[in-house]
Amino acid sequence: MSDLAESLRWYERVFGAERQPQFDHRSTAGVLYAHIIDVPGLGLLELRCAPNTAKAISGYDPVTYAVPTRADLLAWVDHLDALGVGNSGELRGIIGWVLVFRDPDGLAVRLYTREHHEFDEANADVDSPWLRLSADAEVVDAKP
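Residue numbering for the sequence shown follows the UniProt record's numbering, starting at 1 and increasing by one per position.
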């Protein structure tokens with residue numbers, strides 16, 4: 001994270017996360033460098049301030065979260081749209097459906113359905129700019 005306070009606000013707003021201030025991390029000089037948050041359905045996550053790293057991995061998607069159904073994925077699209085968070089909208093994956101959006105530092109967050117369709121690489125949205133694997137990928141701010 002390049003801005004710990006901004007990232008905390010974003011995770012609270014988007015994921016309903018709750019900060020666990022008793023677990024805040026501080027250097028020996030007393031400088032706050034990490035928050036621990038409790039994310040419903042995921043558990044505890046650490047938001048660590050590391051501006052150079054955040055810049056270097058912007059566009060990267062280190063984790064894909066599962067949602068049970070396509071309807072759940074569409075509910076996430078509605079939620080993100082209501083918050084004004086740019087997102088890919090529903091994309092067709094090779095075996096399911098996927099949604100991609102970015103945190104304040106450009107880190108890609110992917111939601112993929114456990115519900116699936118037949119293996120279908122030919123009709124998957126693999127060319128979507130939201131699914132680029134490179135950290136050099138252009139950050140997309142709105143639906144295509």
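Ideal Cβ placement from N, Cα and C applies to all residues, glycine included.
L8 is the residue among W97, V100 and L8 whose C-alpha sits nearest the C-alpha of Q20. Within the stretch 53-128, the runs of alpha helix (DSSP H) at least 4 residues long that lie entirely inside it are, in chain order, 70-83. Per DSSP, L131 lies in no alpha helix (DSSP H) and is assigned neither H nor E. For A5, no beta strand (DSSP E) run applies; the uninterrupted alpha helix (DSSP H) run containing it begins and ends at L4 to F15, by DSSP. Proximity of the stretch 83-90 to the stretch 26-34 falls short of the contact definition, fewer than three beta-carbon pairs being nearer than 8 Å. Take the alpha-carbon of V109 and the one of L42: they are about 14 Å apart. Straight through space, the alpha carbons of D3 and G106 are spaced by roughly 12 Å. Contact between H116 and G96 holds, since their C-beta atoms are separated by about 4 Å, short of 8 Å. Counting along the chain, L42 sits inside no beta strand (DSSP E), nor does DSSP assign it H or E at all. In the same chain as D103, and ignoring 5 residues on each side of it, the C-beta atoms closer than 7 Å to its own belong to S7, W10 and V109, in chain order. The alpha-carbon separation between I57 and P51 amounts to approximately 10 Å.
Judged by beta-carbon spacing, R114 lies beyond the 7 Å limit of A75, meaning their Cβ atoms are not closer than that value. Ranking D120, F119, S27 and I94 by CA distance to the CA of L131 puts I94 first.
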